[in-house]
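Trainee:
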Amino acid sequence: MRRKGAGRDAEADVEAVLDELYTTPPPGFVARRDELAAAAKADGRAEDARRVRAARRPTLAAWAANLLLRSRPEESRQFLELGQRLREAYRTLDAAGLREFSAQRRRLVAALARQVAELAQEAGHRLSAAALQDVEATLHAVLADPDAAERWAAGRLHTALTPPSEFPSGLERAGGALPEPSRRPGSRRPAPAKDELAERRRARQEERDRAEEAAQAADRRLRAHQAEHADAEEAARRAGARHDEVAEDVSAAEEHLRRLRAELHRAEAERREAEERQRTAAEALDRAGEEARRAAREAKRLAARAR
Numbered sequence: 090m091r092r093k094g095a096g097r098d099a100e101a102d103v104e105a106v107l108d109e110l111y112t113t114p115p116p117g118f119v120a121r122r123d124e125l126a127a128a129a130k131a132d133g134r135a136e137d138a139r140r141v142r143a144a145r146r147p148t149l150a151a152w153a154a155n156l157l158l159r160s161r162p163e164e165s166r167q168f169l170e171l172g173q174r175l176r177e178a179y180r181t182l183d184a185a186g187l188r189e190f191s192a193q194r195r196r197l198v199a200a201l202a203r204q205v206a207e208l209a210q211e212a213g214h215r216l217s218a219a220a221l222q223d224v225e226a227t228l229h230a231v232l233a234d235p236d237a238a239e240r241w242a243a244g245r246l247h248t249a250l251t252p253p254s255e256f257p258s259g260l261e262r263a264g265g266a267l268p269e270p271s272r273r274p275g276s277r278r279p280a281p282a283k284d285e286l287a288e289r290r291r292a293r294q295e296e297r298d299r300a301e302e303a304a305q306a307a308d309r310r311l312r313a314h315q316a317e318h319a320d321a322e323e324a325a326r327r328a329g330a331r332h333d334e335v336a337e338d339v340s341a342a343e344e345h346l347r348r349l350r351a352e353l354h355r356a357e358a359e360r361r362e363a364e365e366r367q368r369t370a371a372e373a374l375d376r377a378g379e380e381a382r383r384a385a386r387e388a389k390r391l392a393a394r395a396r
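Each residue of the sequence shown is one higher than the one before, starting from 90 at the first, in our numbering.
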C-alpha cells in the first residue's frame, strides 16, 4: 500500500534531481542525465525517469547562469527584486526611478557577469567572450522581462535569454536620461495620453503572452516527443540486446547440433562396422559348428568300425 504523501515525496525527489542536473557542467550533462534517469526507472518511477530524460543539455552560458543562481542565492534574490522595481518604474513612467535603476542595473549586471565568469572558472570551465555576452544578455532579460525572471529563478535554463526589444534602451545613453521626442524649433508635440500608452502596452503584453503560450505549448509537445523518442530508443536497445543474446544462443545450439550430428555419423559407422563383425562372427560360428558336427560323426563312425 502506498504511504500517505508518497506522491509529494516523489515529486520533491525528481525536482531535487533536476536541480542538481542543471548545475552539472554541459560536458557531463548527458551522462549524468542518463544515470539519474536509469536510477529513477530502476526505482520504479517511470514518469520521473521520463522527466529526467527529457531534460535538455544547457549551453555553457545557460549553465553558468544557473550556477550563479545556486551559488549566490542572496545576490540573485536582490537582482530579481531590482528587476521588479525597474519594471514597475518603467510601467508607471517614473523617470527618476528609471534613471536610478538603469544605472544600478548596468553596474550590477557587469558585477554579476564577473562573478559568473569566476564561478565557471572555479568549476573548470572558462567562459569565452561570446558566452559571457550571452550571460549578460540573460541577466538583462531577467531584469526587463518577468517571464525571463521566472525562468531564471527556476534554475533550469538550457539556453541564454534575450532581452525584449520593448526595454527602454534609451537609458543607456550618456547620463541615463530618458529619450526626448524630436521637435521642430518653436513647436511643442503633446505626449500621448497615458490611456493610449497603457492600451498599447496591454496589446503588446497580450501579444507576448500569446506568443509565450504558443512557445510553451510547442516546448511541451517537443518534450513529450523527446520522451517518447527516448522510450523508443530504450526499447530498441533492449530488443537489440535480446536479439544478440538469442542469436548467441542459436549459434551455440547450432554448434552443439553440428557436434551431435558428427557424433551420430560416427556412431552409425561404428554400428555398421559392429554389425558387419557380428555377421562375420556368426558365419564363422556356423561353419565351426558344422565342422564340429562332421568331426563328431566321423569319430563316431570310426569308433564303430573298430569294434
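Glycine is no exception: its CB is placed at the ideal position from the N, C-alpha and C atoms.
1) Which value, in whole angstroms, describes the spacing of the CA atoms of Pro235 and Thr227?
2) Suppose you measure from the CA of Phe168 to the CA of Gln204; what does that come to, to the nearest Å?
3) How would you call Leu353, buried or exposed, if buried means at least 16 neighbouring beta carbons within 10 angstroms?
4) If contacts are defined as beta-carbon pairs under 8 Å, then Arg121 and Thr112 qualify, I think. What distance do you get, rounded to the angstrom?
5) Leaving aside the five residues before and after His399 along the sequence, list all residues of the same chain whose C-beta is less than 8 Å from its C-beta, in chain order.
6) Looking at Ala153: is its Cβ nearer than 8 Å to the Cβ of Val224?
7) State buried or exposed for Arg278, treating a residue as buried only when at least 16 other CB atoms are found within 10 Å of its CB.
8) Less than 8 Å between the C-beta atoms of Gly172 and Ala242, yes or no?
9) Take the Cβ of Arg196 as the centre, count every other Cβ of all protein chains shown within 10 Å, and call the residue buried at 16 or more, exposed below.
10) Roughly how far, in whole angstroms, is the beta-carbon of Leu216 from the beta-carbon of Leu158, given that I think they are within contact range, below 8 Å?
11) Taking only three categories from DSSP, how would you classify Thr227?
12) Leu246: buried (16+ other C-beta within 10 angstroms of its C-beta) or exposed?
13) If we call anything under 8 Å between Cβ atoms a contact, is Arg140 one with Val103?
14) Could you tell me if Arg368 is buried or exposed, where buried requires 16 or more neighbouring beta carbons within 10 angstroms of its beta carbon?
15) Work out the CA separation of Arg176 and Leu107 for me, nearest whole Å.
16) Does Arg360 pass the burial test, meaning 16 or more other C-beta atoms within 10 Å, or should it be called exposed?
17) So the candidates are Glu136, Arg376, Lys389; which of them puts its Cα closest to the Cα of Ala319?
Mentor: Taking the coordinates as given:
1) Counting from one through the sequence shown, the residue named residue 235 turns up at place 146. Counting from one through the sequence shown, the residue named residue 227 turns up at place 138. Distance between the alpha carbons of Pro235 and Thr227 is about 12 Å.
2) On the sequence shown, residue 168 is found 79 positions in, with the first residue counted as 1. On the sequence shown, residue 204 is found 115 positions in, with the first residue counted as 1. Between Phe168 and Gln204, the alpha-carbon positions lie close to 13 Å from each other.
3) For the purposes of this step, residue 353 is taken as residue 264 along the sequence shown, with counting starting at 1. Exposed, by the Cβ-count rule.
4) Residue 121 sits at position 32 when you count from the first residue of the sequence shown. Residue 112 sits at position 23 when you count from the first residue of the sequence shown. Rounded, the Cβ-Cβ distance is 10 Å, inconsistent with contact.
5) Given that the chain is displayed from residue 90 to residue 396, the structure contains no residue 399 and the question cannot be resolved.
6) Position 64 of the sequence shown holds residue 153. Position 135 of the sequence shown holds residue 224. The answer is yes: Cβ separation under 8 Å.
7) As a first step, residue 278 must be located in the sequence shown, where it is residue number 189. Because Arg278 sits at a pLDDT of 41, beneath the cut-off of 50, its placement in the model cannot be relied upon, and the point is left open.
8) Position 83 of the sequence shown, counting from 1, holds the residue named residue 172. Position 153 of the sequence shown, counting from 1, holds the residue named residue 242. The answer is no: Cβ separation not under 8 Å.
9) Sequence index remark: in the sequence shown, residue 196 carries index 107 (1-based). Arg196 should be labelled exposed.
10) Counted from its first residue, the sequence shown places residue 216 at position 127. Counted from its first residue, the sequence shown places residue 158 at position 69. Taking the Cβ atoms as the reference, Leu216 lies roughly 16 Å from Leu158, outside the contact range of under 8 Å.
11) Within the sequence shown, the letter at position 138 stands for residue 227. DSSP places Thr227 in helix when its eight states are reduced to three.
12) As a working note, residue 246 is residue 157 in the sequence shown. Under this definition Leu246 is a buried residue.
13) Start at 1 with the first residue of the sequence shown, and residue 140 comes out as number 51. Start at 1 with the first residue of the sequence shown, and residue 103 comes out as number 14. Yes, the pair counts as a contact, with Cβ atoms nearer than the cut-off.
14) The residue given as residue 368 occupies position 279 in the sequence shown. Here Arg368 is exposed: its Cβ has fewer than 16 other Cβ atoms, across all protein chains shown, within 10 Å.
15) The count along the sequence shown starts at 1 and reaches residue 107 at position 18. The count along the sequence shown starts at 1 and reaches residue 176 at position 87. Rounded to whole angstroms, the gap between the alpha carbons of Leu107 and Arg176 is 30 Å.
16) If you number the sequence shown from 1, residue 360 lands on position 271. Around the beta carbon of Arg360, fewer than 16 other beta carbons sit within 10 angstroms, so the residue counts as exposed.
17) By one-based count along the sequence shown, residue 319 stands at place 230. The shortest Cα separation from Ala319 among Glu136, Arg376, Lys389 belongs to Glu136.
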